[in-house]
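Visitor: Got a structure for you, written out below as structure tokens; questions coming shortly.
In our numbering, the protein residues as written are 6 to 368.
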């Protein structure tokens, strides 16, 4: 029996190693410099398909043409910027593109308000710097620096959360395709195959608008939210299944009915309208994204596995919904109360037990 990995979250290239190896082995198309497989094989890895007898699971469920544009961008010397609301799988797609193209998705800079220019370029081991002066051995290379040296892809997550001066450090690197190190009087040119995949959130608080000069260095692909309930349910089911494989949740996968209820509630509160378009609703302060729906169901499984029967009950689901929906006690509490009374209660039938549990918790 294969021993279960003790790593909480494995990188995509390890999690789907057998699929990547099967695609590389069966490759028949031209492979760009620095890539492990052809653009056509990368597309198969991302959107799913078959190679020989091996089934390739879809990693991104959405517009195939957008994935084609993203992949073809990385064949050129342009960087790629994935933009969208929270939960549109920007980071997920970024990781899997890097895994398929380079077999390494770990050259990552996580953008935050505290990200510095040194984290984008390079910094120093100050003990060695004081003892020996500037040297290559004392240099601490950023993921982008290492990607330039090796002709691979670096990822910058949530680039719009970085301060403007930090974002601007990327402009010369993307234009000149080299990093200058004045302390060592040297410049490091990017090898063929180097690129950057950045992601930007359109709804998060604390976002810093990207300059026009920086945006011009990227080819921008906007990832839309799932267009309908069915597609959102498919994404949620796929990701919950993948997530549960790495966690000891000790619970059964959520049923179709449970997934449908969660996605329906999230879509209606997110859009401020019932799915049939007949009734307007108060929206909540949170985004209630697809990613949050995935997290909610994982939490429900944890509750069911740890303290319940191992099958998600309405009691488990109500507790998870309460925490996901109500971020602002006053505004969200009122919106949730009105949703329970005006929508969920009136639906009756299969919604009755969930309404009862939610109402009891809300009180």
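Every residue, glycine too, gets a C-beta built ideally from N, C-alpha and C.
Between the C-alpha atoms of residue 84 and residue 339, what's the straight-line distance to the nearest angstrom?
Guide: Cα to Cα, the separation comes out at about 44 Å.
Visitor: Is it the case that the Cβ atoms of residue 292 and residue 91 are separated by a distance below 8 Å?
Guide: It is a contact, given that the beta carbons lie within the stated cut-off.
Visitor: Counting only runs that start and end within the segment 168 to 252, where is the beta strand (DSSP E) found for 3 or more residues in a row?
Guide: 183 to 186, 191 to 194, 200 to 206 and 223 to 227, all fully within the segment 168 to 252.
Visitor: Which of the three DSSP states is assigned to residue 128 in this structure?
Guide: It is a strand residue.
Visitor: Kindly give me the distance between the Cβ atoms of residue 17 and residue 110, rounded to whole angstroms, as I take these residues to be in contact under 8 Å.
Guide: With 8 Å as the limit, residue 17 and residue 110 qualify as a contact, their Cβ atoms being about 5 Å apart.
Visitor: How many whole angstroms separate the CB atoms of residue 156 and residue 78, which I take to be in contact at a CB cut-off of 8 Å?
Guide: Between residue 78 and residue 156 the Cβ distance is about 16 Å, and since that is not below 8 Å, they are no contact.
Visitor: Of all the options 120, 143 and 63, which has the alpha carbon lying nearest to the alpha carbon of residue 131?
Guide: It is 143 whose Cα lies nearest to the Cα of residue 131.
Visitor: Compare the C-alpha of residue 258 against each of 181, 318, 35 and 15 and name the closest.
Guide: Checked all of 181, 318, 35 and 15; the closest Cα to residue 258 is 318.
Visitor: What residue ranges within the segment 107 to 167 form continuous beta strand (DSSP E) runs of no fewer than 3 residues, ordered along the chain?
Guide: The segment 107 to 167 contains these whole beta strand (DSSP E) runs: 113 to 115, 127 to 129, 144 to 146 and 158 to 162.
Visitor: Restricting to Cα atoms, I'd like to know which of 86, 299, 30 and 327 is closest to residue 342.
Guide: Minimum Cα distance to residue 342 is reached at 327.
Visitor: If you reduce the DSSP assignment to three classes, tell me which class residue 384 lands in.
Guide: No information on residue 384 is available, as it lies outside the stretch 6 to 368 that the chain covers here.
Visitor: Can you tell me whether residue 11 is buried or exposed? The criterion is at least 16 other CB atoms within 10 Å of its CB, across all chains shown.
Guide: It is exposed - the Cβ of residue 11 has fewer than 16 other Cβ atoms within 10 Å.
Visitor: Can you list, in chain order, the residues of its chain whose CB lies under 8 Å from that of residue 27, leaving out five sequence neighbours each side?
Guide: Within the same chain, residue 27 has close Cβ partners 56, 57, 59 and 61.
Visitor: Please return the same chain residues whose Cβ sits closer than 7 Å to the Cβ of residue 124, not counting the five positions on each side in sequence.
Guide: So the qualifying residues of the chain are 114 and 147.
Visitor: Please report the residue range of the alpha helix (DSSP H) in which residue 84 lies.
Guide: First-last for residue 84: 84 to 89, but that is the beta strand (DSSP E), not the alpha helix (DSSP H).
Visitor: Would you report the Cα separation of residue 350 and residue 105, rounded to the nearest angstrom?
Guide: One C-alpha to the other measures close to 47 Å.
Visitor: Closer than 8 Å is the cut-off here; do at least three beta carbon pairs connect the segment 320 to 334 with the segment 262 to 277?
Guide: Cβ pair count under 8 Å is three or more, so yes.
Visitor: What does residue 55 pair with, by DSSP beta-bridge criteria?
Guide: Bridge partners of residue 55: 60.
Visitor: Could you spell out where the alpha helix (DSSP H) holding residue 73 opens and where it closes?
Guide: Segment 69 to 80, the alpha helix (DSSP H) holding residue 73.
Visitor: Starting from the N-terminal side, write out each stretch of the alpha helix (DSSP H) that is 4 residues or longer and does not extend beyond the segment 280 to 325.
Guide: Taking only runs of at least 4 residues, the alpha helix (DSSP H) segments lying wholly in the segment 280 to 325 are 295 to 312.
Visitor: Note down, in chain order, each residue of its chain lying with its Cβ closer than 8 Å to the Cβ of residue 41, except the 5 sequence neighbours on either side.
Guide: Counting only Cβ-Cβ distances below 8 Å, and skipping sequence neighbours, we find 25, 29, 105, 106, 107 and 108.
Visitor: Taking buried to mean at least 16 other C-beta atoms within 10 Å of its own C-beta, is residue 5 buried or exposed?
Guide: Residue 5 cannot be examined here, being either before or after the span of the chain that is shown, 6 to 368.
Visitor: Can you tell me whether residue 157 sits near the ligand COA, meaning its C-beta is under 7 Å from at least one heavy atom of the ligand?
Guide: This structure lacks the ligand COA; in fact it carries no ligand of any kind.
Visitor: Check each candidate in 245, 252, 261 and 216 and name the one with the smallest Cα separation from residue 235.
Guide: For residue 235, the nearest C-alpha among the options comes from 261.
Visitor: If you follow the alpha helix (DSSP H) that residue 20 is in, where does it begin and where does it stop?
Guide: First-last of the alpha helix (DSSP H) with residue 20: 17 to 20.
Visitor: Pair every Cβ in the segment 268 to 284 with every Cβ in the segment 292 to 310, then say whether three or more of these pairs are closer than 8 Å.
Guide: Touching, per the Cβ criterion.
Visitor: Evaluate residue 145 with the Cβ neighbour count: other Cβ atoms within 10 Å of its Cβ, from every protein chain shown; 16 or more gives buried, anything less gives exposed.
Guide: The residue in question, residue 145, is exposed, as its Cβ has fewer than 16 Cβ neighbours within 10 Å.
Visitor: Output the distance between the C-alpha atoms of residue 325 and residue 162, rounded to the nearest integer angstrom.
Guide: Near 27 Å, if we compare the C-alpha coordinates of residue 162 and residue 325.
Visitor: To the nearest whole angstrom, what separates the beta carbons of residue 315 and residue 255, a pair I think is in contact under 8 Å?
Guide: The pair is a contact, with the Cβ atoms about 6 Å apart (cut-off 8 Å).
Visitor: Keeping to the same chain, check which residues put their C-beta closer than 6 Å to that of residue 185; ignore five residues upstream and five downstream.
Guide: Once the five neighbours on either side are set aside, the close Cβ partners of residue 185 are 192.
Visitor: DSSP has residue 339 in a bridge; who is on the other side?
Guide: The partner list for residue 339 (beta bridge, DSSP) is empty, contrary to what the question assumes.
Visitor: Would you mind giving the Cβ-Cβ distance between residue 225 and residue 88, rounded to the nearest angstrom? I have them listed as a contact below 8 Å.
Guide: So it is a contact: roughly 6 Å between Cβ atoms.
Visitor: What residue from 49, 166, 46 and 221 has the CA that sits closest to residue 180's CA?
Guide: When only C-alpha atoms are compared, the closest one is 221.
Visitor: Sorted by chain position, which residues of the same chain lie with C-beta nearer than 8 Å to residue 9's C-beta, five sequence neighbours on each side aside?
Guide: Low local confidence applies: a pLDDT of 49 at residue 9 is under 50, so the model's placement there is unreliable, and no value is given.
Visitor: Exposed or buried, what is residue 301 when buried is set at 16 or more other beta-carbons lying within 10 Å of its beta-carbon?
Guide: Under this definition residue 301 is a buried residue.
Visitor: Would you tell me roughly how many angstroms separate the C-alpha atoms of residue 172 and residue 249, rounded to the nearest one?
Guide: Between residue 172 and residue 249, the C-alpha separation is close to 36 Å.
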